[in-house]
Each structure stands twice: as C-alpha cells, then as structure tokens.
Amino acid sequence: MFVASAKHPPSIAYYKRKREQGKHHNAAVICLARRRCDVIYSMLKNGVLYQEPALVA
Numbered sequence: 001m002f003v004a005s006a007k008h009p010p011s012i013a014y015y016k017r018k019r020e021q022g023k024h025h026n027a028a029v030i031c032l033a034r035r036r037c038d039v040i041y042s043m044l045k046n047g048v049l050y051q052e053p054a055l056v057a
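Here the sequence shown stands for residues 1 to 57, where the numbers follow full-length UniProt numbering.
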C-alpha cells in the first residue's frame, strides 16, 4: 500500500504531516493505512465510488 501511496499527492502530504508531528515512519504508515480503511469503509457504507478531490489552483 505504501508504494501506491507514494504516487498519490494527498497521501504524500498526509504522510509528511504525520512525520512532522514527530511520528516514526512505521507509525506514519499505519496512520495512512487507517485513513485509507476509513475511506473504504465509508465508500462501502454509502455505496459510492472513490472520486479524486478536485485540484484547487
């Protein structure tokens, strides 16, 4: 999962934010995995497909 997240800008920003908060690499990756699980659960619960957030210029 981390490899796929390395190419996803919002995931990169989230990972960097967690590292800046003082979390070690493994803890930051676990936080990212938890966030992904929350998104997947919400999608399944609400019956919606994932949509990339719109880019703000």
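Idealized CB from N, CA, C, for every residue including glycine.
Rounded C-alpha distance that separates residue i from residue j
{"i": "H25", "j": "R19", "result": "7 Å"}
Neighbourhood of residue i by C-beta distance below 8 Å, restricted to the same chain and skipping five residues each side
{"i": "Y50", "result": "V39, M43"}
{"i": "Y14", "result": "C31, L32, R35"}
Boundaries (first-last residue) of the alpha helix (DSSP H) holding residue i
{"i": "E20", "result": "9 to 20"}
{"i": "V39", "result": "25 to 46"}
Top-ranked residue by Cα proximity to residue i, from the options
{"i": "P53", "options": "V3, P9, A4, V29", "result": "P9"}
{"i": "A6", "options": "G22, K23, A28", "result": "A28"}
Spatial neighbours of residue i in its chain, beta-carbon cut-off 6 Å, leaving aside the 5 residues before and after
{"i": "V3", "result": "none"}
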